[in-house]
Structures are given as C-alpha cells and as structure tokens.
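4 protein chains.
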Amino acid sequence: MSSTFGTLFKVTTFGESHGRAVGAVVDGCPAGLPLTEADIQPQLDRRRPGQSALTTPRDEADMVTILSGTENGVTLGTPIALSVNNRDQRPSDYEETTEVPRPSHADYTYLMKYGIKASSGGGRSSARETIGRVAAGAIAEKWLNARFSESAIVACVQSVGEVEAPELIGDVLTRELVDSNPVRCPDADTAKKMIAAIEAACAARDSVGGTLTCICRGFPAGLGEPVFDKLEAKLAQAMLSIPAVKGFEIGSGFAGARMCGSAHNDPFVKKGEQLGTATNYSGGIQGGISNGEPIIFRIALKPVATIGQAQQTVDLTGRPVELEVKGRHDPCVLPRAVPIVEAMAALVLADAALQQEYRT
Amino acid sequence: MSSTFGTLFKVTTFGESHGRAVGAVVDGCPAGLPLTEADIQPQLDRRRPGQSALTTPRDEADMVTILSGTENGVTLGTPIALSVNNRDQRPSDYEETTEVPRPSHADYTYLMKYGIKASSGGGRSSARETIGRVAAGAIAEKWLNARFSESAIVACVQSVGEVEAPELIGDVLTRELVDSNPVRCPDADTAKKMIAAIEAACAARDSVGGTLTCICRGFPAGLGEPVFDKLEAKLAQAMLSIPAVKGFEIGSGFAGARMCGSAHNDPFVKKGEQLGTATNYSGGIQGGISNGEPIIFRIALKPVATIGQAQQTVDLTGRPVELEVKGRHDPCVLPRAVPIVEAMAALVLADAALQQEYRT
Amino acid sequence: MSSTFGTLFKVTTFGESHGRAVGAVVDGCPAGLPLTEADIQPQLDRRRPGQSALTTPRDEADMVTILSGTENGVTLGTPIALSVNNRDQRPSDYEETTEVPRPSHADYTYLMKYGIKASSGGGRSSARETIGRVAAGAIAEKWLNARFSESAIVACVQSVGEVEAPELIGDVLTRELVDSNPVRCPDADTAKKMIAAIEAACAARDSVGGTLTCICRGFPAGLGEPVFDKLEAKLAQAMLSIPAVKGFEIGSGFAGARMCGSAHNDPFVKKGEQLGTATNYSGGIQGGISNGEPIIFRIALKPVATIGQAQQTVDLTGRPVELEVKGRHDPCVLPRAVPIVEAMAALVLADAALQQEYRT
Amino acid sequence: MSSTFGTLFKVTTFGESHGRAVGAVVDGCPAGLPLTEADIQPQLDRRRPGQSALTTPRDEADMVTILSGTENGVTLGTPIALSVNNRDQRPSDYEETTEVPRPSHADYTYLMKYGIKASSGGGRSSARETIGRVAAGAIAEKWLNARFSESAIVACVQSVGEVEAPELIGDVLTRELVDSNPVRCPDADTAKKMIAAIEAACAARDSVGGTLTCICRGFPAGLGEPVFDKLEAKLAQAMLSIPAVKGFEIGSGFAGARMCGSAHNDPFVKKGEQLGTATNYSGGIQGGISNGEPIIFRIALKPVATIGQAQQTVDLTGRPVELEVKGRHDPCVLPRAVPIVEAMAALVLADAALQQEYRT
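As given, the protein sequences belong to chains A, B, C and D, one line each in that order.
So that you can map any letter, position 188 of the first sequence is 737 in the working numbering, and since no number is skipped, the others follow by simple counting.
So that you can map any letter, position 266 of the second sequence is 815 in the working numbering, and since no number is skipped, the others follow by simple counting.
So that you can map any letter, position 253 of the third sequence is 802 in the working numbering, and since no number is skipped, the others follow by simple counting.
So that you can map any letter, position 143 of the fourth sequence is 692 in the working numbering, and since no number is skipped, the others follow by simple counting.
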C-alpha cells in the first residue's frame, strides 16, 4: 500500500490538493517527546510556495494542527494526527486535464490505475501530498535530535540545469547556510548563476531540473537492515517516492562505477574511541548498515512537467490537440524540495534507529 | 524487517554462505501456475560463479529444490519454499576478518549492529544471499509471462570501469543477445574492451565497477502505487538492496536534471488502441504508475571490495595492520549481477501487478 | 503496531478522548464508490452515548467530516481521512487517576508501557477510540454491499448478565428489528428483562456484562486465508481488540468442544447451483476460509470497569485508598457495542474480499 | 497474507503434508541466543503423533534441521530457516477427496479459494502445517526464557467432551505435571475419565472435542499494544489460527459476561515492589497491555472432522454419496494441541516483548 511508510516509526499521509485537508498520521513515535505545532511549522514554511520570486506566487498558509497524540505538549506514544487545511478547493484551473492528460504528469496513469477521471487529476501526485511528509519528518527529526544529540540532516541544491556547485564540505553544512539565499545552494557564487538559470527558464515559460545533496551526520553505526531494507535501499525508496525525482546515488554513486576497488575501498582508521574510515566512498553505509561516518546521498529531479508553453499532444481519444496549461507554477522546484528530502531522510533514519533499539 | 520483500507477492530469503543452505519462501504466488525446478535453475545458472574465466573459479552447483507449494508441477497458491544447499560450510578463508574488519565490507557494521563476531562476517551480505532472490524472481517472472504474454525483463552490462556501451535499443534486447559474450554486453565491440578491462583489473589483483541497464517491456499501464510505493521507488529500493549497488536512475535519470521541461516532457501519441508517448524520458512511469511504455532504469555497481592487493587498515582495537584477503573472488561482478537485477525487477513488477488486480 | 488494521483494506485510527479530534484514515478502498458523510453518520449515531436512558447521558454530537479521498461524492482510491471533533477536551473528571490507577482500567498498564502519567489515563483505551473504527467500518460495509449485493452484517445483544435471549434465527435478523428496543435484543420479551437488569445495575451504582451475536450473510465462499490470517482468526483479533471483550466463539464455539465429530460435522448438500451445508456448526468457515454459509460468531463483554461504588484499591505508591470515580458512565455498554462489532466485522470481510479479488 | 505472523519476531511457515518438507523461517530473533536443534526437538516430539495409544499410530519422526541463522550454536540475528522432511509424500489415502469434499474439512473452501483440486485437499490446513509453528515457537520460548528468567508458558487439557477438570491452580502447573499422563490433564482422576472418553470415541469410530487452558507467568507489565494489536487480540488470532479451534476466552471470559462490575474489577494491591491485583478476572491484561499478573486463557477445540464412520454428503456436482474416509486419525487432538498452543503463545509474547524493547 502506498500511503504508509516505515516499520516502527510509521507515517500514513492523506489528502488531495482539492479536498478539505492534507496531512498525516504518525504512529510509533515514542512517548515523552516534547512536541507542539511550533516544532513542525518551520519545515512546512520552508516547503511552502511563495517564499521568494523564484517560486510560485500562490500563497498557501499551510498551518499545521496536531489533532491527537500529545498532551500538555508531550507525546503520548499514540498516533499523532496532523492536518493542514486546503484553502482553495476549486479545481477550476485544472479542468481541461480530464480530457487531455498533461504530458509527463500523472493524469493518464491515474486514470489507467483507478478508472476515475477526477478533476484533480492525479490527486495524490500533487506537490501538496508532501505536506504530510514534511510534517511527519519534522517529528522524526525532533526525536532523532533528542536521541542522538549531535545528529543533523541537511540538504541543499547541488545543481540547477547545467549550473553545478563545487563539491560540498559536509562538516560545515547547516540549514542557516543553505537558507542564506533563495535557491538554497550553500555556495554564494553558484547560487547567483542558479538564480539566473531559473529566471531564464521562467522567462521562456519553461522549467528546469537539478540535483540535491543531503548529508546526515552524527548517527551511530548499526542502523539499517542487512537485506531488502538496507539503509541505502530505504533512502532510495524514500527519495524516488518524492514527485519528480529520477535518480539516487549513495556515496560514490555513478562515479564509483568507474573506479577500481583499490581506490574505492575505505580503509578503517581510529577515530577517538571508535573506528572510522579514512575516505567515505561508501557514503556512510556498508552492507546496508551505517558505519558512523556521514551518510551522503544525491538525487536528481527532472524539470517540472507543468510549463507555460503550448504543447502538442493528444486527448484521451487520441485526437491531436495543443495543450496550454493555465495557472502559475514553479519553474524550478529544487529549493522547495530541500525540506522534503530532509523529511524523508529523517523518517528513514528514525525508523532504522527504532528498529535497532530492540537489538541493543 | 529486512528479509521480506513485497506486499502480495512476498519473498523471504534466508541463509549465510557458511550455513547448511540458502533459499527463499515465496508467499502469494497465485495457484495454478505450472512450476518446477527447471523453471528456476536457468537463472541460478546465470548467477552462478565459474561460468567463464572472468568470474570466480569457485564451482558452486547451486541446484534448487522446491520444498513446498507445488503439486504435480503446478502451484497450489501456498508458500513455495526453495532451498539450495551450501557445499562448503568451512569458514576458514575468512577467519582473520573477525579481528580485522575488511575495508568496505560489512564485517564492521554487522558487528556494530548485532554485537556478534561471526566467522562468516557479514553473513547475509554475502553474494550467496542473492540465490534466494534469483530463485524467487524466476517464479515471479514465470507468473508475469503467463499474465502478460508479451512481457520481457532483460538486463545487460552497460559499462565496465571507463568502458561504456552505446545507448541501447530496447526493442531488440534479448537474453540470448546479452549472453552472446561472457561479459553480457549486447554490443560485441564494447564487450571485447570490457573483457580487456576486467582482465587488466584481475592482473593487478584489483577489481572494477560498472553500470547495468534493465528494460521491462510489455507491461500494461496502471502498475504501481501513487505515494511511497511508487513503481520507481520500489525498483530503487530493490536495486539498492543488491550488494555493491551505489546508484539508480529511471528514464532520463541524472541527465534529466540538466534538461528543460519543454524538452523533457513526453508528449502523448496514439499507439494502436491506446495512448503512448513519443519520447520516453519518463522511463515508462509517471506519478509512480506505469504508462505502458518500456520501463527503463540503470544502476551503478561499485568495484567489489574484496581485492588481492594488501590494504592498510586497522583492526578492531584500532591497531594498524596490513590486510591481505585470501581466497579467490570476482574482479568484476557485473556479468553475474544481470540475473539478480532481472529477479528483483520481476519481484517488484509481480507485486505491483497483483496489487493492481484487485482494483480492476 | 497497534493502530493499523488490515492488509489491503487498511484502517489507522487516531485520537484520545481529550485531544482535538478522533478519527481514522482508510487506505485501500477501491475508487468509484459513492461515499459521503451521510453513509457514515448513521452507524456513528448508533454508537453515540445518550441515545436512551440506558446509556450515559453525555451528549456527544460526533459529526464526521471526510477530509480527503473523495471528490463529488465518489471515492478516488486514495486514503480517506475521517475526523470527529472532541467537544470537551478538559480532563478534569479523571484527574485522580494519575495517582490512583482505576481497577480493571488501562491506567496502570499504559503507565507501565509508556512511562507517561497522562491525565487522560489510558487515552487510547477510551471508548471514543472506537469512533474511528465505526466510521471506517461504515465505508467497508458500503463497499461490501456494492460488491456483494445480498450481503448483510447484523449484530445484536444476546445476553445481559444472567438474562439470555433464545437462539437467534439468522435469516430474519435485521438492524431494524435489532433497533426496535433500546437494548438491541431482537426478542422483545427478553429485551424487557434486559432493560430491568440494566436499570437494577444502575440503581446499585454497578455495571453489568453480556454477550453479542453477529451474523454476516450473503458472502461468497473463498474469503479468508489458510494459516495465520484464517477468517475466524482475524475476526477473533478484531473482536478482542474492542474494549471490554473477553471472549470469542465461531459457530459451535465452546459448546462444540463437548460434541462428537459425527454430530458436529456439517454434511454438504446442494443449494441451488452451489454446495451448502445442512447444519452450520462451522459458523460459515472451514479451514479459515468462508464456505458461503452465514458467518456466525458470539462475543463476551465484561461489565464495564467504571462503577459509581467506592472501591478499595491502592495508589501508585502502594498506599491503600478508597477510590470513588466521578463522572457518569454506562452501566452496560452492550447496546452501544452493536455498531462497533458490525464495523470490525465489516473491516475483516472487506479486507478478506479484496485479498481474494486478485486470485480470481 | 496468511503464512507470516508477527511484527518484529516474525515467523513464516511453509509446507503441505504431501510435499518434500514442512518448516518455517523465523526472522527477527535477536543475535547471541544459544540455539541448536536440541532446543527445538522436544516440543516437536510432544506434538508428534504416535506418542501413545490415544493418538494416531502414524510414526512420523519429524526431526528438525536448522538451515540458517546460527553459527557455532548461537543465533546470528539473521533469518533462522527450519525444515522437517515429510516421509511419505504419496497422497493415496486422500484421493477421493478431490471429488467428494470431506464434511467440515477445508477441501471445499480451498477449491473455492484457489480453484485447484489438489490431491492433498486443503494442503495447508493439514495438522502438519503446525510443525513449523511449534519449531518457531520453541525458539521464541528460548528467547523469552533468556529475557525473562522467571517466565513459563504451560498449556494443559481442561476438558474432553463432557469430562471437565477442576479449576487449575496456575502457580503449580508445569510441563512435567502436564505430561504425567498421556491425555495431558494435570488432574490425575480427571485424566482417567478423559482417557475413557477418548477410547469410547475411538471405539465408536468417532471423535471428541475439548478445551485447553494456557498460563503464561513471569512476564512483566507493559507488553501488548493498545488498539488492534491488544495482547489478548493477538492471542485470540493466534489461537483461532490453530486448526479446529472454535473459541477463545481471556481471564473471566464468557463467565465474566454474567458478572457485575463490582465483583469483576480486580483491585490493586502491593506485591513486593510493584503493584499487582487481588483477583485476576482480567487474565493478566488490561486495555490490551499486560499488567504483570499471570496471563490465562482458554480455547475450545471442535471434535476432529475426520471420523471412521460413513457420512452422508454430496460430491462436487451435488450428487449424494456416502463417504467413508480411509486412513487412521486421532479421535482426539487435544493432547497434541498442547505444544501448539504453547508455541503460538510464545510467538505472541516474544513479538510483544520485542515491540516493547524499543520503548523502554
């Protein structure tokens, strides 16, 4: 079933963009964790459209309400239901899509799957579905920070179109640094070029893709499972489940495929009381289980499918049509994807950490 | 839990390289499917080491036995238990690993996770664990072929180290073509260069990585789930769960991140009675659900960690040691990974297809 | 995890009695089912306290809102989130329970499990948790009725304390008949005696237990799974998961344990085009799978633990105290349990039916 | 899916009576537990037919082999595969059942479910399927005893037909006492009457049912989940999943339904450093969570369906036939059900205990 994620720290998201609300139920968060809406809202605000001229001007307040699972600002160990009201439930801007499936959108595949021509098209493929994930991820992150006091999960924009930032230095990456410019690239010079690339796409009524890097540091060795639920496998699932993501690589990734073993192997060295590795081509994971080094992965996002240009396509009967999609949309979702990636990483790590608790 | 995969077509693998047997239990395969060991053995033979001079000379017969779930050569709808005996259960070659964790192996992380110094090291991270997957995948594939008569799942080696094959033409890719040379690259000229690259790594007592491409064609639109279990997300999990895999991309993948939406969108066209797309940057999946076009993905494998060269590392106490791993190992696992990738793809697709059955 | 039930037709409930809301998320309901709040509210109204002088006079409106998963009154195939606001979120009446665990309540065991002294005590053990179940069950029932046009699920009160109704005649049992008196016993004479028994318990500031019978008719053969998820096993889990339930029996039940096989076996007979059985000691299930006969089970409910009488017990430090629980409570929950039992039966059957769809 | 049970301590059983083997895969057993076949075989021997004149004379050796998951007699934390070979794979005695479904057997419902007329009839409904459960349960019990040093799970025969033993005194019940006579009733006088009842049934070529009581003592408070996976709910599912079980009651059970709250409530008292209860009508569980008192439940088993007498029934076409089932079968399965009940209880408790580990 596709709307639930996790084995012990479980999240179920709900909601279409044109229904009453979107949200999530988090089941399995341990009792005794201080938690209020103020812990969740900041990441929702980072995800929200309309934060800068670079993103869609739709103003969605996206205020979260905790419906259950806490009392006096502390978790009870019971399901935490989170709800964010939808402001505008009128599907008018999207009506044409019921007869003309938008290219590279989910309208057609939802119709094939469910047999329903909904005015909200592929309702669950909407970016608003990610609200529930971000809210749930904020809870996961709060718990992780309480459990592993040095832990941090930080994502940033690595490239936009052809503009690529220099290799990141993981130790210094913070959310403050990432948020120091609207494109969320920690390298200021590259950020300017990225902004120019996005503005150019916008002017051309087009969209542009890019890549994100995420670093998870301060997590102990031993997290992850050895076979199908390898830590990198769950991260890969989590990331590819985000709309528009087309690729995932851990550590050396695709570049590692061109290396020799003698260069790629990470020799062990003593780091304080524990073992560490001199290099980190493994990306912090060996055999599906964390080794205590920073977990580093990168994902590729395609250019968003909704563009202002007219497109030649066919309607559901196969008749050729020129489709012009109305409404205003992001020319580049990379900056807003940052908190979504962090949320999904937090959900994977919280679940892995809880699964490890019972073994130790 | 890491040893079970799938929602309706479920596989649980078991076995360490030095125990009595490895295998799998497949639960959820529909009743009435003709099935004997002869349907499973061919893919196990393709996975088996010792097939050519390029792979490890250990001769493992790896004969599969069906313990349950069939009668008179037909599935009963009940769990199908599959077992492959291990020939050599002596862990002698690996003994040193209990004190000196091998770099980029799972010895250290297994110890951190389970608190056990087993002579079989990260026992489940052994390549022999994949025997259960390949056997289960062969059953999934048999069912898929019975259900979708035109369907085919074919993987091949796309690159070895720096040697890369030209872009594949999906329609003509067959297992026969793939198996026409020992490196399993369908392009004969590239295959020769790949073989040379592997032999060079072998001579240097080193190893070499590479990439695989997999094409799944003949599957209908509508397979996959909309949120966390998107078809590409489950494929990504499945692939990253294979030992040594470091990256996954669907359709345009990382290259798509450099494109504009106007170029990347796949316009719909009429194909016979159904809609298809003129291009396939989506890789056959939109919004997590198949659209009827070929499903195309690529994965990156690191160079195997076991190399003949001496390596500078430390033992569990942090004391520097020079480690020389005995035993004979593959300099390049890419050719043998082909049936494993096909098996995992088949498991994902069979599970998605069964989940779709109840909706239509 | 305890807050989710079902494999394909999945429900996750949330909410404490003193939080903002209680409710459920239903994932897996097929698309295309007509559904509005009006389909759900009637069973919630039957569950609601304050329906008669026999039940607690607290007036809870319990109006349900569908937050997601439908459009224009039709299900989309996506998660259906259901929410019912709590009116009174002040936990004042229960405050003493944080230091004096109420006998045969969940206060003590929740504290042992979660380490939390919540003013809402065993928050999820509240009868209000069942609101989410009843709402979800109404959706399951709507789908079952659409799928199996002759199907019906009807529960009724079989006994209250020592007052027992005559053996039911399953074919004529309807909800209208059950609701013809406030105690929900279809036999009018017995109902009068039951009412007298409840009134006597009320006058004594005591409570009284009883049994319920549930009949599910019009379901086809083939529903249920052969081993751990036998249809009767899932029904047993579902029923024992309802607060205060202490026993479950299917078909002949405990009486069957005193019989001989020659008397207990249900011989097959021809019924129309299909086989049926001459007797139904099996309760409609053989080997965990439905046989097409009515599914009949009975459950036992203990007398509710909240009584007006003073009770001798100890506080958390072990100091003897006389506990007098304030607030008003049902002397007998049997009548209100009727829609809860029907809801849980509907959830089990909808899940079993969906699991069978993909096999046929 | 019906062949897997448990959330963290998971068991998947496989095998039909006429295939090569039956067995189980246990996933989630913590690493470091001493375990060999000698820990498992004793409970299999208690389950085995042919132990006394009271049970079927078929001599099945049922020797278990551990295929994986241990090394040097210690668990690795990886899946433990267990296999027991079937001796006689010829389905000859049962051939008639393919056309004449046996009354109150699973032949007919399996056919309706799977559409397969297997010579092994309802293959997974065979008593041999329970071999995998008993083997897995022995591992669960070994872990429970290591984790909770005072813990014990003991089941015994409470009644056979109309012969009922006096109320048990839980504290003194041991397996040695239970096994002191072939009918496994701890009361010697009652045991003699039970044996007479079974011999009478045997002489009449009939079968007889009965009840079992199970006591689980030495387990801490806090085990179990609050909603759908209440400890009593999982026990109920586990017990009703055993072939021939028709009823389950926890603590006061059906008798409790006739009581008043003032009599049924279990007042708290100080017991050493912890709280206990003066009475135990709750059966050791409140709100789905253990309270530290002994967990006591009772189950009802129908008389086995296989009897030597001729039965009037119909074949699959509806034509009346007189069915005489050949082969030798138990007139009473109660004694052999004892280790099966203990195994299922151990699986439930091990799973609940592991789920609680990560909370504390």
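We put the beta carbon where it would ideally sit given N, CA and C, even for glycine.
key: Where the beta strand (DSSP E) through Q861 of chain A begins and ends   = 860–863
ask   = Under three-state DSSP, which class holds C751 of chain A?
value = helix
inquiry  = On a Cα-Cα basis, can you pick out the residue from C:G572, C:P598, C:D864 that is closest to L616 of chain A?
reply    = C:G572
request  = Please confirm if S700 of chain A has its CB atom under 8 Å from at least one CB of chain B.
outcome  = no
Other residues of its chain near P775 of chain D: CB distance less than 7 Å, five sequence neighbours each side excluded = G836, G837, I838
ask   = Closest Cβ-Cβ distance between R766 of chain D and chain B: below 8 Å?
value = no
request  = Could you check the C-alpha separation between L910 of chain A and I764 of chain A for me, to the nearest Å?
outcome  = The requested residue 910 of chain A does not occur in the structure, where chain A is confined to residues 550 to 909.
key: Members of the segment 617–631 of chain A that neighbour chain D once the beta carbon cut-off is set at 8 Å   = G626, T627
ask   = Closer than 8 Å, Cβ to any Cβ of chain C: which residues of the segment 771–789 of chain B, in chain order?
value = P775
request  = Tell me whether the beta-carbon of G857 of chain D lies closer than 8 Å to the beta-carbon of R696 of chain D.
outcome  = no
query = Whose CA, out of D:A630, D:N635, D:P869, lies closest to the CA of N634 of chain B?
reply = D:A630
message = Using beta carbons (cut-off 8 Å, strictly below), is K559 of chain A in contact with chain B?
response = no
task = Kindly indicate if chain B contains any beta-carbon less than 8 Å away from that of N829 of chain A.
result = no
query = When the Cα atoms are used, what is the spatial distance from A570 of chain D to A894 of chain C?
reply = 36 Å
message = Please classify K691 of chain C as buried or exposed, where buried requires at least 16 other C-beta atoms within 10 Å of its C-beta.
response = buried
key: DSSP beta-bridge partners of T826 of chain C   = C:F817
query = Under a Cβ-count criterion, where at least 16 other Cβ atoms within 10 Å of its own Cβ denotes burial, should P820 of chain C be classed as buried or exposed?
reply = Here the sequence assigns Lys to residue 820 of chain C, which means Pro is not the residue at that position. So K820 of chain C counts as exposed.
inquiry  = With a threshold of 8 Å between beta carbons, is D900 of chain D in contact with chain B?
reply    = no
ask   = At least one CB of chain C closer than 8 Å to the CB of T614 of chain A: is that the case?
value = yes
request  = Enumerate in chain order the residues of its own chain whose CB-to-CB distance from C751 of chain C is below 6 Å, with the five nearest sequence positions on each side excluded.
outcome  = P880
T723 of chain C classed as buried or exposed, judged by whether at least 16 other C-beta atoms fall within 10 angstroms = exposed
Cβ-Cβ distance between T762 of chain D and Q823 of chain D below 8 Å = no
request  = Pull up the DSSP beta-bridge partners for A849 of chain C, would you.
outcome  = C:T760, C:G796
task = Tell me, please, whether the CB atom of A667 of chain A is closer than 8 Å to any CB atom in chain C?
result = yes
inquiry  = Let's test the definition: count the other Cβ atoms within 10 Å of the Cβ of A812 of chain C and tell me whether it reaches 16, buried, or not, exposed.
reply    = exposed
CB contact check: T553 of chain B to chain D, cutoff 8 Å = yes
request  = For P869 of chain B, write down the residues that DSSP places opposite it in a beta bridge.
outcome  = B:V863
query = So what's L898 of chain B in DSSP terms, helix, strand or just coil?
reply = helix
key: Alpha carbon of L561 of chain D to alpha carbon of G773 of chain D, nearest angstrom   = Sequence check: residue 561 of chain D is Thr here, not Leu. Roughly 21 Å between the two C-alpha positions.
task = Grab me the residues of L789 of chain D's own chain with a C-beta within less than 7 Å of its C-beta, minus the 5 sequence neighbours each way, in chain order.
result = F797
key: Buried/exposed call for G622 of chain B, threshold 16 Cβ in 10 Å   = exposed
task = Grab me the residues of T556 of chain B's own chain with a C-beta within less than 7 Å of its C-beta, minus the 5 sequence neighbours each way, in chain order.
result = D900, Q904
message = Just to confirm before moving on: does the CB-CB distance between G832 of chain A and G810 of chain A stay below 8 Å?
response = no
ask   = Would you say G577 of chain D reaches chain C, if we count a Cβ-Cβ gap shorter than 8 Å as a contact?
value = no
ask   = With a cut-off of 8 Å, does the C-beta of R682 of chain C fall near any C-beta of chain A?
value = no
ask   = Straight-line CA distance for R513 of chain A to E781 of chain B?
value = Because chain A in this structure spans residues 550 to 909, residue 513 of chain A falls outside the shown range and cannot be described.
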